[in-house]
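J.: One structure, as structure tokens, below. Some questions next.
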């Protein structure tokens with residue numbers, strides 16, 4: 056069962072002829088494939104959008120929000 060999971064998650068995606076992966080991008084792809092395989096993608100995507108909004112908007116305008124309060 057473990058070997059089948061490794062083949063499904065890792066080999067089928069990363070062992071493509073001519074593909075070259077850095078450690079960072081390969082790990083990102085594997086983590087995303089694991090989230091999808093576990094059925095947690097919708098929950099992950101909501102969390103990702105929330106964090107991205109916070110990173111790009113809340114932190115940028117935090118000084119203005121403090122003045123308005």
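Numbering (my numbering), first residue to last: 56 to 124. Cβ coordinates follow ideal geometry from the N, Cα and C atoms, glycine included. Everything numeric in this text was worked out from a predicted model, so none of it was measured.
Just how far apart, CA to CA, sit residue 62 and residue 113?
T.: C-alpha separation (whole angstroms): 41 Å.
J.: From the DSSP output, in three-state form, read off residue 67 for me.
T.: Helix, per DSSP.
J.: Would you mind stating whether residue 69 and residue 89 have Cβ atoms separated by less than 8 Å?
T.: Not a contact, by the Cβ cut-off of 8 Å.
J.: Helix, strand or coil for residue 60? Go by DSSP, reduced to three states.
T.: Reduced to three states, the DSSP call for residue 60 is helix.
J.: Which residue comes first and which comes last in the alpha helix (DSSP H) that contains residue 81?
T.: Looking at the DSSP string, the run of the alpha helix (DSSP H) that includes residue 81 is 78-93.
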